[in-house]
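Q: Each protein sequence line maps, in turn, to chains A and B.
Following the working numbering, the numbering of the first sequence begins with 1 at its first residue and continues without gaps.
Following the working numbering, the numbering of the second sequence begins with 240 at its first residue and continues without gaps.
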Amino acid sequence: MSVLLEVKDLTAGYGGPAVIEGISFDVFTNEIAVILGPNGAGKSTVIKTIFSLTNVLGGSVQLDGKTITDQKTSKLVTMGVSAVPQSHNVFPNLTVDENLDIGTYAAPPVDKMATREIILGLFPDLRDKLKQPSGELSGGQRQMVAIGRALMCEPTLLLLDEPTAGLSPAYLERIFDLLLDVRKTGVTILMVEQNARQALQIADHGHVFVNGKNFISGTGQELLADENVRNSFLGGAAS
Amino acid sequence: MIEFINFYLVPGFAIGSVYALGAVGISMIFGILRFAHFAHGDLMTVGVYGVFAATVVFPVNPFLLVPVGMALAIFAALFVDKVFYQPLRKLPTIYTVISSFGVALIFRSLIQIIGGSENRVFGSGIRPPLILFDTFRLSSLHVQAVTTTAVIAVVLHIFLSKSMTGRSMRAVADDPELAQISGLDTEKVVRWTWIIGAALAAIAGVFAGLDTSAHPNLGWNLLLPMFAAAILGGIGKPMGAMAGGFIIGLAEELSSYHWIGESALISPSYKTAVAFVIMIALLIFKPQGLFKGRLL
Numbered sequence: 001m002s003v004l005l006e007v008k009d010l011t012a013g014y015g016g017p018a019v020i021e022g023i024s025f026d027v028f029t030n031e032i033a034v035i036l037g038p039n040g041a042g043k044s045t046v047i048k049t050i051f052s053l054t055n056v057l058g059g060s061v062q063l064d065g066k067t068i069t070d071q072k073t074s075k076l077v078t079m080g081v082s083a084v085p086q087s088h089n090v091f092p093n094l095t096v097d098e099n100l101d102i103g104t105y106a107a108p109p110v111d112k113m114a115t116r117e118i119i120l121g122l123f124p125d126l127r128d129k130l131k132q133p134s135g136e137l138s139g140g141q142r143q144m145v146a147i148g149r150a151l152m153c154e155p156t157l158l159l160l161d162e163p164t165a166g167l168s169p170a171y172l173e174r175i176f177d178l179l180l181d182v183r184k185t186g187v188t189i190l191m192v193e194q195n196a197r198q199a200l201q202i203a204d205h206g207h208v209f210v211n212g213k214n215f216i217s218g219t220g221q222e223l224l225a226d227e228n229v230r231n232s233f234l235g236g237a238a239s
Numbered sequence: 240m241i242e243f244i245n246f247y248l249v250p251g252f253a254i255g256s257v258y259a260l261g262a263v264g265i266s267m268i269f270g271i272l273r274f275a276h277f278a279h280g281d282l283m284t285v286g287v288y289g290v291f292a293a294t295v296v297f298p299v300n301p302f303l304l305v306p307v308g309m310a311l312a313i314f315a316a317l318f319v320d321k322v323f324y325q326p327l328r329k330l331p332t333i334y335t336v337i338s339s340f341g342v343a344l345i346f347r348s349l350i351q352i353i354g355g356s357e358n359r360v361f362g363s364g365i366r367p368p369l370i371l372f373d374t375f376r377l378s379s380l381h382v383q384a385v386t387t388t389a390v391i392a393v394v395l396h397i398f399l400s401k402s403m404t405g406r407s408m409r410a411v412a413d414d415p416e417l418a419q420i421s422g423l424d425t426e427k428v429v430r431w432t433w434i435i436g437a438a439l440a441a442i443a444g445v446f447a448g449l450d451t452s453a454h455p456n457l458g459w460n461l462l463l464p465m466f467a468a469a470i471l472g473g474i475g476k477p478m479g480a481m482a483g484g485f486i487i488g489l490a491e492e493l494s495s496y497h498w499i500g501e502s503a504l505i506s507p508s509y510k511t512a513v514a515f516v517i518m519i520a521l522l523i524f525k526p527q528g529l530f531k532g533r534l535l
């Protein structure tokens, strides 16, 4: 497997002191990688830094061998990186169809209608809601719209910040299943997730951060079996 | 009844058109740039003086020269955005609001210096009204104002709902951070907001100037009812602002009709107070306006 995203000694913050310090990890092509850690570990900051939404104080991020640390967010979209923030991730006054359409503006897909059909195939719940304002949807449906919008530009790397936050257990399972389906379309996924056990079960690799620093990395199964990770992040018992 | 239609209802729609066209820009600027643009009325004055100056050089029907006024207002808007507002974009919006007060004064002062402070009228003589069915007396200017505004409303609605730029504008108004994350060119959206807002302000200014006369305070005097219209329609809702403009225009005109007895319900001198009362009442009881706009 080739490395798609290489994060090396990354230090970043929001104008004050560094929130993450010397973070390093690799994301391989077409894998699902998950970032775990307690509150305040800097998980979301890593995602935001990759997407040029923080102040980088040191280190580098490379996408497919090209340094992207100093690129603008809009440029990153054209380079094949797409992101879904944790909250406020849909345009509430725009319809579902318009939200999906917005996803194509910065980096138009080769065949917009075909891409739209693939996405509606992944998220069939949205097909009946295309003309409905996204603000009127349930939390799970909004998450589908948000991921669908991010996929409309046919990204190679999808960054997700807690895609199951605030969802019911039923929707949580569905979102994880959908992410496996998204991966099958050739997209590499890097996500921050609080539901650590379920996330590691579908992840190829996991990276645990504590206090803004690397704590442990490994395959999903390795981390599920690791006693430290189990005790600290998975509630102790083995699954 | 005929008197009511001729002298209150139709003029209400006509002044409502002026408010509607001005309020669209105020609403869009607030929705996208997140600040109350107090120089918007003076942008109208810039537009109408642009047309007036063009009529001096080319003595033709002023309507043919409206594009000159629009171009001047657009240039002025883009210039002040670049020089005065853009550097303040990352600071609290109160800085930009105060800056817009300064810009308003600059516009008015420049107009007075270049164009003089006296009233200016387009053409001379009496413009006879159109008479329909022997009794309806319609000012052709009022018909033109209402028709033009209606056409602009339709075109603007199609633009905002169907075009890539229009949808991007609505997306930025909805959530500027998510728009940036989606890779939208937010500065291009800002430019289009000024272009549309200034162009419509110029058209509104020309209708207001043709109806009475052009003077340096023309736009400033219309600012309050335009803000009332934008709030009534819901901030960030251009179509709401259009509707708000007509409602405020009608409320002002109909308030001076002799609904009870022989004298006017409210003296025409206090017409602007009607807009003010509506604006205050909305801010207290329904701050999101009729079309659920952004909270101020």
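The C-beta atom is built at its ideal place from N, Cα and C for all residues, glycine as well.
On a predicted model such as this, the values are computed, not experimentally measured, just so you know.
#1: List the endpoints of the continuous alpha helix (DSSP H) containing E416(B).
#2: Please list, in chain order, all residues of the same chain as T54(A) whose beta carbon is under 8 Å from its beta carbon, the five residues on each side excluded.
#3: Is T78(A) close to chain B, meaning its C-beta is less than 8 Å from at least one C-beta of that chain?
#4: For L94(A), return the contacting residues in chain B, with the cut-off set at a CB-CB distance below 8 Å.
#5: What's the C-alpha gap between A480(B) and T332(B)?
#6: Where does Q201(A) sit, in a helix, a strand or coil, going by DSSP?
#7: Just mark K129(A) as buried or exposed, buried being the case when its beta carbon has 16 or more other beta carbons within 10 Å.
#8: Any beta carbon from chain A within less than 8 Å of Q325(B)'s own beta carbon?
#9: Fully enclosed by the region 457-528 of chain B, which beta strand (DSSP E) runs are 3 residues long or longer?
#10: Return the CA-CA distance between Y509(B) and R116(A), expressed in angstroms with no decimal places.
#11: So, with DSSP's three-state summary, where would you put K329(B)?
#12: So the candidates are I519(B), P455(B), F297(B); which of them puts its Cα closest to the Cα of F466(B)?
#13: Rounded to whole angstroms, what is the Cα-Cα separation between G436(B) and V263(B)?
#14: Within this structure, are the beta carbons of I35(A) and H207(A) separated by less than 8 Å?
#15: Which ranges does the alpha helix (DSSP H) cover as unbroken runs of at least 4 residues, wholly within the region 394-447 of chain B, from first to last along the chain?
#16: Could you say if the region 441-461 of chain B and the region 124-138 of chain A meet the contact criterion of at least three C-beta pairs nearer than 8 Å?
#17: Is E357(B) buried or exposed, if buried means 16 or more other CB atoms sit within 10 Å of its CB?
#18: Would you mind stating whether F215(A) and G103(A) have Cβ atoms separated by less than 8 Å?
#19: For Q221(A), is the classification buried or exposed, using 16 other Cβ atoms within 10 angstroms of its Cβ as the cut-off for buried?
#20: Helix, strand or coil: how does DSSP classify E240(A) here?
#21: Between which two residues does the beta strand (DSSP E) harbouring G58(A) extend?
#22: Just to confirm my understanding: we take G42(A), look at its own chain, exclude 5 residues before and 5 after, and list those with CB closer than 7 Å. What are they?
#23: Thinking A384(B) and F446(B) are a contact (beta carbons under 8 Å), I'd like their distance in whole angstroms, please.
#24: Taking the C-alpha atoms as reference points, what is the distance between I505(B) and S495(B)?
#25: With a threshold of 8 Å between beta-carbons, can Q383(B) be considered close to chain A, or not?
#26: Output, in chain order, the set of chain B residues within a Cβ distance shorter than 7 Å of F91(A).
#27: So does V187(A) have its beta carbon nearer than 7 Å to some heavy atom of the ligand SAM?
#28: What's the gap between the Cα of F515(B) and the Cα of L5(A)?
#29: Within 8 Å (strictly less), CB to CB, does D424(B) reach chain A?
#30: Given a cut-off of 8 Å on the beta-carbon distance, is the pair S402(B) and L423(B) in contact?
#31: Give the DSSP-derived three-state secondary structure of I370(B) in the structure shown.
#32: May I ask you to list the residues that DSSP assigns as paired with R359(B)?
#33: Applying a beta-carbon distance threshold of less than 7 Å, which residues of chain A neighbour M403(B)?
#34: Where do the ends of the alpha helix (DSSP H) carrying A292(B) lie?
#35: Starting from the C-beta of Q419(B), find all residues in its chain whose C-beta is less than 8 Å away, skip the five residues before and the five after it, and write them out in chain order.
#36: Would you say L259(A) and I119(A) are within 8 Å of each other, going by their C-beta atoms?
A: The structure says:
#1: 415-420
#2: A12, G13, Y14, V19, T45, K48
#3: yes
#4: R406, R409, A410, D413
#5: 21 Å
#6: helix
#7: buried
#8: With 8 Å as the cut-off, Q325(B) does not count as an interface residue toward chain A.
#9: none
#10: 56 Å
#11: coil
#12: Considering only alpha carbons, the answer is I519(B).
#13: 7 Å
#14: The Cβ atoms of I35(A) and H207(A) lie closer than 8 Å to each other.
#15: 403-413, 415-420
#16: Not touching, per the Cβ criterion.
#17: exposed
#18: no
#19: By the 10 Å Cβ count, Q221(A) comes out exposed.
#20: As shown, chain A starts at 1 and ends at 239. That puts residue 240(A) outside it, with no answer to give.
#21: 55-63
#22: V19, I20, F209, G212
#23: 4 Å
#24: 5 Å
#25: no
#26: A410, D413, D414, L417
#27: With respect to small molecules bound, the structure shown includes none, and the ligand SAM cannot be examined in it.
#28: 58 Å
#29: yes
#30: no
#31: In the structure shown, I370(B) sits in a strand (DSSP, three-state: E or B).
#32: Its beta-bridge partners are A453(B).
#33: Y105
#34: 279-296
#35: T425
#36: Any answer about residue 259(A) is impossible in this case: the structure gives chain A only from 1 up to 239.
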